[in-house]
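Okay, so the sequence shown: first residue is 1 according to the UniProt record's numbering, each after it adds one.
The beta-carbon is built from N, C-alpha and C at its ideal position, and this holds for glycine as well.
Predicted model only: the values in this text are computed from it and were never measured.
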Amino acid sequence: MQHAARGKAAQAMWQAYVQQRRAASMGLSLPSSKSLWDVVNRRLLEPHGAEAVRDIWMEFHKDPFRNCIATVLPAARYLKFAENAGKSPMFILPVFKGPNAFENFMVQCQLPLVLFTTLEEYKQRGSSAQPHMVLTHYTEMISDKHVVLVRGDIIHPTVCSRLEAETLTRLLYDFYTIDNKYSFVDAFNHRQSEFDYKRMMDSLAHDTSQLPHD
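In structure tokens form, the structure reads like this:
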């Protein structure tokens, strides 16, 4: 499929999605439906091969003003992520603002959703804390296309920017699918006394020289 045709298909999908959601959106990016076919037009996407599906999905979400992000996971990586998310549904991920400056986000995996909220809000409200970004995983094409489509809705862009949402998403899949990184997630969920926050931060290759050592 040529690039222009893929872009046209993505634009058609976006227009249909906006029409569906306009009444409820109130200017915010709300969590998406859990059904892929509520988000995109099935007949415009399903006939294509995996590579074209990936291109259309990413084109569909590329506008930086839409307060949403997207990615596509190979089936094998998603299945490993889902398995580990089921065993270890919570984690903490940092967004770095500069040397020794960062904000922590709590991750809550409730597949097909993953909720991100600030650590401060989580401390105040626990599991009822307001999510600032929500990832939705669409598995409708996993059996025939061997891909899982992922959409991230940024609910409060003043708290979590598009770039920060992309960073959190990348870190999420790294920590849940790479064995030496998943060891931090496993300890956080099952052996809190063994979870070394500073060592986890150091693994991200950022300056943590002024962080507490306890």
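- prompt: Can you tell which of I92, A101 and V159 has the C-alpha that lies nearest to the C-alpha of Y176?
  reply: Minimum Cα distance to Y176 is reached at I92.
message: Against chain C, with Cβ distances strictly below 7 Å, would I69 count as a contact?
response: Absence of chain C from the displayed structure is noted, only one protein chain being present.
- prompt: Contact between the region 62 to 82 and the region 130 to 146: three or more CB pairs below 8 Å?
  reply: Segments in contact, yes.
message: Spatial neighbours of V185 within its chain, please: C-beta separation below 8 Å, excluding the five flanking residues on both sides.
response: Annotation for V185: N84, S88, F91, F175 and Y176 place their beta carbon closer than 8 Å to its own, counting only its chain and skipping 5 residues before and after.
query: Taking the runs of the alpha helix (DSSP H) that are 4 residues or longer, which of them lie wholly in the region 60 to 145?
result: Complete alpha helix (DSSP H) runs here, min 4: 75 to 87 and 119 to 125.
field: Backbone CA spacing between L111 and K198 [nearest angstrom]
entry: When the Cα atoms are used, L111 and K198 turn out to be separated by approximately 28 Å.
- prompt: If you run the structure through DSSP and keep just helix, strand and coil, what is D179?
  reply: The answer is helix: DSSP assigns D179 an H, G or I state.
- prompt: To the nearest whole angstrom, what separates the beta carbons of A50 and V150, a pair I think is in contact under 8 Å?
  reply: Wrong, their Cβ atoms sit about 15 Å apart, outside the cutoff.
query: What do you reckon, are the CB atoms on L115 and P94 nearer than 7 Å?
result: Contact: no.
- prompt: Looking only at C-alpha atoms, which of L45, R66 and N41 sits nearest to R144?
  reply: First, the residue type needs correcting, since residue 144 is Asp and not Arg in the sequence shown. Measuring C-alpha to C-alpha distances from D144 to each of L45, R66 and N41 identifies L45 as the nearest.
- request: Decide if N180 is buried, meaning its Cβ has at least 16 other Cβ atoms within 10 Å, or exposed.
  value: It counts as exposed.
message: Here's a check: name, in chain order, each residue in its chain whose Cβ is nearer than 7 Å to the Cβ of E166, leaving out the five neighbours to either side.
response: Closer than 7 Å at Cβ, skipping near neighbours: I69.
- request: Please state whether DSSP places D186 in a helix, a strand or coil.
  value: In the structure shown, D186 sits in a helix (DSSP, three-state: H, G or I).
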